[in-house]
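Colleague: Each residue of the sequence shown is one higher than the last, beginning at 2 in this note's numbering. Where is the CB? At the ideal position from N, CA and C, for every residue including glycine. Treat the numbers as computed from the prediction; the structure is a model and nothing was measured. Could you have a look at this structure, given as structure tokens, before my questions?
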Amino acid sequence: MNAPTVKPAVRTTCPYCGVGCGVIARPDGFGGAEVQGDGEHPANFGRLCSKGSALGETLSLDGRLLYPAIRDVQGACVRTTWETALDRVAQGFRDTIARHGPDSVAFYVSGQLLTEDYYVANKLMKGFIGSANIETNSRLCMASSVAGHKRAFGADTVPGCYDDLDCADLLILTGSNAAWCHPVLYQRMVKNRTERGAKIVVIDPRRTATAEDADLVLTLTPGTDTVLFAGLLSRLAASGPLDRGYITEHTEGYSEALARARRIAPDVETVAAQCGLASHDVETFYAWFAATEKTVTLYSQGVNQSAQGTDKVNAIINCHLATGRIGRPGMGPFSLTGQPNAMGGREVGGLANQLAAHMGFEDVARDRVQRFWKSPVIAAREGLKAVELFDQVATGRIKALWVMATNPVVSLPRADAVGAALSKLDLLVVSDVVERTDTIAAGAHVLLPAAAWGEKDGTVTNSERRISRQRAFMAPPGDAKPDWWIVGEVAKRMGYADAFNFQSAAEIFDEHARLSAFENDGARDFDLGGLTGLSPSAYSDLAPVQWPVRTGTKTGVTRLFTAGGYFTGNGRARFVAVEEPALAVRCSPQFPLLLNTGRVRDQWHTMTRTGKSPRLGAHIEEPFVELAPADARAFGLTDGGLARVTSIHGNATLRVRINDGQQPGSVFAPIHWTGQTSSNARIGALVQPATDPYSGQPELKATPVAVSPVTFGYEGFVVSRRALDAVASAYWVRVSIGGGTGYRVACDTHPERLAVSFAGPIAPGAETVEFSDLAHGVYRSASLVDGRLETCCFLARDRQSLPDWSWIKDLLAADALDVPTRRMLLAGEAPDGATETGPVVCACFGVGERELRGLIEKGDAATVDEVGARCRAGTNCGSCRPEIKRMIASVASRLPEPV
Ligand code: SF4
Numbered sequence: 002m003n004a005p006t007v008k009p010a011v012r013t014t015c016p017y018c019g020v021g022c023g024v025i026a027r028p029d030g031f032g033g034a035e036v037q038g039d040g041e042h043p044a045n046f047g048r049l050c051s052k053g054s055a056l057g058e059t060l061s062l063d064g065r066l067l068y069p070a071i072r073d074v075q076g077a078c079v080r081t082t083w084e085t086a087l088d089r090v091a092q093g094f095r096d097t098i099a100r101h102g103p104d105s106v107a108f109y110v111s112g113q114l115l116t117e118d119y120y121v122a123n124k125l126m127k128g129f130i131g132s133a134n135i136e137t138n139s140r141l142c143m144a145s146s147v148a149g150h151k152r153a154f155g156a157d158t159v160p161g162c163y164d165d166l167d168c169a170d171l172l173i174l175t176g177s178n179a180a181w182c183h184p185v186l187y188q189r190m191v192k193n194r195t196e197r198g199a200k201i202v203v204i205d206p207r208r209t210a211t212a213e214d215a216d217l218v219l220t221l222t223p224g225t226d227t228v229l230f231a232g233l234l235s236r237l238a239a240s241g242p243l244d245r246g247y248i249t250e251h252t253e254g255y256s257e258a259l260a261r262a263r264r265i266a267p268d269v270e271t272v273a274a275q276c277g278l279a280s281h282d283v284e285t286f287y288a289w290f291a292a293t294e295k296t297v298t299l300y301s302q303g304v305n306q307s308a309q310g311t312d313k314v315n316a317i318i319n320c321h322l323a324t325g326r327i328g329r330p331g332m333g334p335f336s337l338t339g340q341p342n343a344m345g346g347r348e349v350g351g352l353a354n355q356l357a358a359h360m361g362f363e364d365v366a367r368d369r370v371q372r373f374w375k376s377p378v379i380a381a382r383e384g385l386k387a388v389e390l391f392d393q394v395a396t397g398r399i400k401a402l403w404v405m406a407t408n409p410v411v412s413l414p415r416a417d418a419v420g421a422a423l424s425k426l427d428l429l430v431v432s433d434v435v436e437r438t439d440t441i442a443a444g445a446h447v448l449l450p451a452a453a454w455g456e457k458d459g460t461v462t463n464s465e466r467r468i469s470r471q472r473a474f475m476a477p478p479g480d481a482k483p484d485w486w487i488v489g490e491v492a493k494r495m496g497y498a499d500a501f502n503f504q505s506a507a508e509i510f511d512e513h514a515r516l517s518a519f520e521n522d523g524a525r526d527f528d529l530g531g532l533t534g535l536s537p538s539a540y541s542d543l544a545p546v547q548w549p550v551r552t553g554t555k556t557g558v559t560r561l562f563t564a565g566g567y568f569t570g571n572g573r574a575r576f577v578a579v580e581e582p583a584l585a586v587r588c589s590p591q592f593p594l595l596l597n598t599g600r601v602r603d604q605w606h607t608m609t610r611t612g613k614s615p616r617l618g619a620h621i622e623e624p625f626v627e628l629a630p631a632d633a634r635a636f637g638l639t640d641g642g643l644a645r646v647t648s649i650h651g652n653a654t655l656r657v658r659i660n661d662g663q664q665p666g667s668v669f670a671p672i673h674w675t676g677q678t679s680s681n682a683r684i685g686a687l688v689q690p691a692t693d694p695y696s697g698q699p700e701l702k703a704t705p706v707a708v709s710p711v712t713f714g715y716e717g718f719v720v721s722r723r724a725l726d727a728v729a730s731a732y733w734v735r736v737s738i739g740g741g742t743g744y745r746v747a748c749d750t751h752p753e754r755l756a757v758s759f760a761g762p763i764a765p766g767a768e769t770v771e772f773s774d775l776a777h778g779v780y781r782s783a784s785l786v787d788g789r790l791e792t793c794c795f796l797a798r799d800r801q802s803l804p805d806w807s808w809i810k811d812l813l814a815a816d817a818l819d820v821p822t823r824r825m826l827l828a829g830e831a832p833d834g835a836t837e838t839g840p841v842v843c844a845c846f847g848v849g850e851r852e853l854r855g856l857i858e859k860g861d862a863a864t865v866d867e868v869g870a871r872c873r874a875g876t877n878c879g880s881c882r883p884e885i886k887r888m889i890a891s892v893a894s895r896l897p898e899p900v
């Protein structure tokens, strides 16, 4: 093998959450890279969470879509050339528009795209096709924050910055499991608490990992956030402090908003009753807010993903406006964005109800953008928001759809219906980095291979308005191309060559920046005038910068609205009289529980990247439903068993986790598993489609469901060097493991039959060994090639008798197994020296739950830091510290009191 050509380290940005951490990637010359946090990036100052730290493990080409493909008449995807694929897409869109008009086509894009990709797609749809049917999956993530910002500030402006989290004295996290979903920012907040004594309040229906470091936890009734913050406004008005000067000088609508708040939440007792909280906890929260000038209220999907999400956002903003706590160090409302470039998408107009560069569809804005683009048409009105868009696919009004870098058959509400609707399209184009997704499986006609993280260049914007460069450090494999190139080539073939003749991401960024500054006299928030005309090398070297960067300046603006200056026309912020909260959906005897959905610590979206990392997969291996102990008892579920979760729209089969942090009456399930990684765990299939009336954001936190136990004759696992076909198993979950693939399985089939069907064609020269004691419900088999473990299957009638599979996974990486090890394997006993770790808690150092529990129970470590000193867990990225803290507390609660 030739010596690798090792490229120099490259500064880039993490592709996962909206924290936007800086990453230094060092390519290893073999197609991989080492990554570490960028100590100079102001989002993270060198820290990365477990997901970011494992980026280097996600770069393999397994499962990559490498070449364009077109589905043939037999339904097979057949490799083709870019010329043919692009011609087909352009022709398909042109013909559809000619026959049915511009609103018969749509793009469904993604917060994973870079700003430059987004810009080109938005320009094509709104300025050249002449429809606003370009919608981003950020609708599922952030749209209520956007709508709330626009109502209050006149523009989608995040007022503050991350530094505020370091200098606030009170940090309120509402609807945000930041410990798992924005871990690096959460660690900044915990540091502030530890070093400066800041208080943390966590408001969430679930007691999540974020609650572990909180000074006050308010586990409110789902959907009652508006009541809590309306009560806070009432309370501030009654007993202060109000900033009457700020209210008078810089706002309007205070009296109406207060009157409405008083009607909704006249006093603490009413709030406590409606929110299901103790009055003294509500009182404490209000007293802390009142007494603490430097307060930041952070909110995320628990607020946004709601049929009243926009009102929740405005109820929070109202309290900050009333106290003038906005735009100054350590204070303000703060929306934590979910995706790496949800903000960039909002900047270019990726949401169907935005035109471009934070401009809407007013005549003056349409005229301005059309003149700038020199475009033949301009979209006349807002396009279809995500749920409506797929409804219109189902009705046949949308006939051609291009899905870029997202997977609506997994993530949209009523995901099964979305899949069925896609299969009716005349043309479904999917550009993606992976070759198998549930959306592709729904019948994509054309597949376009997109360049992935590490292979493409551009910019992303994080939650604090900071634009950072994502830089390529590897060549795209196969025929993969950047998304902006793909869209531009289609645009050229549709007849718009002059407007889409971009040669680089830098050229696109320049046009994007110029549009933001075009006829912008300061009345528009989004302005990159100071970043226009960058040379290729200046763009290449662009340091992270917060917008706006107005013409004549090179630095951004850290905080906005310090002295008013809102983008509402008269410069005043608007208080919003929020509506009385009403549940969009109700439970019933048939569906008695409310399903809440969300993320887990070590996975990202549909696991196409994080799912490749064995250590990330070892934290939570299976899709699960979490219930309160009382509900588990009531519905006959046992911890570790399986449950069927059913709504009116679909069902899923999930592992049961009983957790007393879960409120009775509601259950939680994560969103990450797909039809590619599990037999039946696409949670979107269950979710009902109610949306917020202002933002169009779907309610992903409240679907009425029923739960019931599911039992199979046998449960177990299979580990294999090769990926296997798991469909023979009634229940299966695919897990990435070192040296191969693991499957958690359950079936009613005869175990030998399942083992054989799993093993597939036996590798030439394989030797199979087997232990079958069906009288006692135990079956184990292994096949070995040249003495090395190839495939291993363990099944048992009683799942409690299955061994921890950590040591069996390790055997896949081992050399030829000696006879004693083979005997131990078939006996189901760990060989000498092998360790049973249990689920991995610390992904950085691979420390499992069993080791941690052992240390804590033996009294060898009584604090998180002592645990770290013993076994290093929690000493790198810190993402696992809340779980270790919870383990310490749970062990302590079971220990007898010292005499
Ligand atoms: Fe990436 Fe983690 Fe930073 Fe989010 S917090 S940007 S996932 S490293």
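#1: Could you tell me which of Asp244, Ala238, His251 and Ala443 sits nearest to Thr261, measuring between CA atoms?
#2: Do the segment 37-53 and the segment 11-25 touch if we need at least three Cβ pairs shorter than 8 Å?
#3: Take Leu243 and list the residues in its own chain whose beta-carbon comes closer than 7 Å to its own, dropping the five residues that flank it on each side.
#4: At a cut-off of 7 Å, is Lys901 close to the ligand SF4 when judged by its beta-carbon and the heavy atoms of the ligand?
#5: Taking C-beta to C-beta, are Asp439 and Val394 nearer than 8 Å?
#6: Consult DSSP for Thr81 and reduce its assignment to one of helix, strand or coil.
#7: Using CA atoms only, rank isn't needed, just tell me which of Glu456, Ala99, Val159 and Gly346 is closest to Arg65.
#8: The beta strand (DSSP E) that contains Ile201, what's its start and end?
#9: Assign Val900 to one of two classes, buried (16 or more other C-beta atoms within 10 Å of its C-beta) or exposed (fewer than that).
#10: Exposed or buried, which one is Met2 when buried takes at least 16 other CB atoms within 10 Å?
#11: Return helix, strand or coil for Gln393, following the three-state DSSP convention.
#12: Would the beta-carbon of Leu356 be found less than 7 Å away from any heavy atom of the ligand SF4?
#13: With a threshold of 7 Å (Cβ to nearest heavy atom), would His183 be considered close to the ligand SF4?
#14: Among all the DSSP beta bridges, which residues are the ones paired with Tyr109?
#15: Report whether the distance from the Cβ of Cys142 to the nearest heavy atom of the ligand SF4 is below 7 Å.
#16: On the three-state DSSP scale, how would you describe Pro804?
#17: For the putative contact between Ala353 and Leu385, defined by C-beta atoms under 8 Å, what is the C-beta separation to the nearest angstrom?
#18: Quick check: the segment 330-337 against the segment 594-606, are there 3 or more CB pairs under 8 Å?
#19: Taking the CB atoms as reference points, tell me whether Ile659 and Pro630 lie closer together than 8 Å.
#20: Can you tell which of Gly566, Asp861 and Asp528 has its C-alpha closest to the C-alpha of Val550?
#21: Between Cys15 and the ligand SF4, is there a pair consisting of the residue's CB and a ligand heavy atom that are separated by less than 7 Å?
#22: In or out: Glu581 buried (at least 16 other Cβ within 10 Å) or exposed?
#23: Is the segment 110-130 touching the segment 305-319, taking contact as three or more C-beta pairs under 8 Å?
#24: Give the straight-line distance between the Cα atoms of Pro69 and Tyr17, rounded to the nearest whole angstrom.
#25: Closer than 8 Å, CB to CB, is Gly76 near chain B or not?
#26: Taking all protein chains shown into account, do 16 or more other C-beta atoms lie within 10 angstroms of the C-beta of Pro206, making it buried, or fewer, making it exposed?
#27: Taking 7 Å as the cut-off, is the CB of Cys18 close to at least one heavy atom of the ligand SF4?
#28: Could you tell me the alpha carbon to alpha carbon distance between Ala148 and Ser696, rounded to whole angstroms?
#29: Here's the rule I'm using: 16 or more other beta-carbon atoms within 10 Å means buried, otherwise exposed. How should Asp104 be labelled?
#30: Which value, in whole angstroms, describes the spacing of the CA atoms of Cys15 and Trp674?
#31: Is any heavy atom of the ligand SF4 found at a distance shorter than 7 Å from the C-beta of Gly901?
#32: Check whether the segment 370-380 touches the segment 186-201, taking contact to mean three or more Cβ pairs, one atom from each stretch, closer than 8 Å.
#33: Got a sec? Which residues, its chain only, sit under 6 Å from Ile248 by beta carbon, not counting five neighbours each side?
#34: What does a CB cutoff of less than 6 Å around Asp216 pick up in its chain, not counting 5 residues either side in sequence?
#35: If I measure Cβ to Cβ from Gly397 and keep anything under 8 Å in the same chain, skipping five residues before and after, which residues do I get?
#36: Pro223: which of Asp214, Val314 and Gln275 sits nearest, CA to CA?
Modeller: Put simply:
#1: It is Arg, not Thr, that sits at residue 261 in the sequence shown. Closest option to Arg261, Cα to Cα, is Ala238.
#2: The segment 37-53 makes contact with the segment 11-25, as at least three CB pairs between them are under 8 Å.
#3: The beta carbon of Leu243 sits closer than 7 Å to those of Leu237, Ala323 and Thr324, all from its chain and outside the five residues before and after it, given in chain order.
#4: Since the first residue of the chain shown is 2 and the last is 900, residue 901 is not available in this structure.
#5: no
#6: coil
#7: Glu456
#8: Note, Ile201: beta strand (DSSP E), Lys200 to Ile204.
#9: Only weak support is given to the placement of Val900: the predicted model assigns it a pLDDT of 45, under 50, and the value that follows is read from those uncertain coordinates. With fewer than 16 Cβ atoms within 10 Å of its Cβ, Val900 is classed as exposed.
#10: Bear in mind that the predicted position of Met2 carries a pLDDT of just 43, short of 50, making it too unreliable to give a figure here.
#11: It is helical.
#12: no
#13: yes
#14: Glu136 and Val404
#15: no
#16: DSSP places Pro804 in coil when its eight states are reduced to three.
#17: 6 Å between Cβ atoms; contact.
#18: no
#19: yes
#20: When each option's Cα is compared against that of Val550, the closest is Asp528.
#21: yes
#22: exposed
#23: no
#24: The alpha-carbon atoms of Pro69 and Tyr17 are separated by roughly 26 Å.
#25: Reference to chain B is not applicable here, since this structure consists of a single protein chain.
#26: buried
#27: Checking every heavy atom of the ligand SF4 against the Cβ of Cys18, one is found closer than 7 Å.
#28: 5 Å
#29: buried
#30: 22 Å
#31: This structure leaves residue 901 out entirely; the chain is present only between 2 and 900.
#32: Cβ pair count under 8 Å is below three, so no.
#33: Tyr255
#34: Lys200 and Ile201
#35: Here the set comprises Lys425.
#36: Gln275
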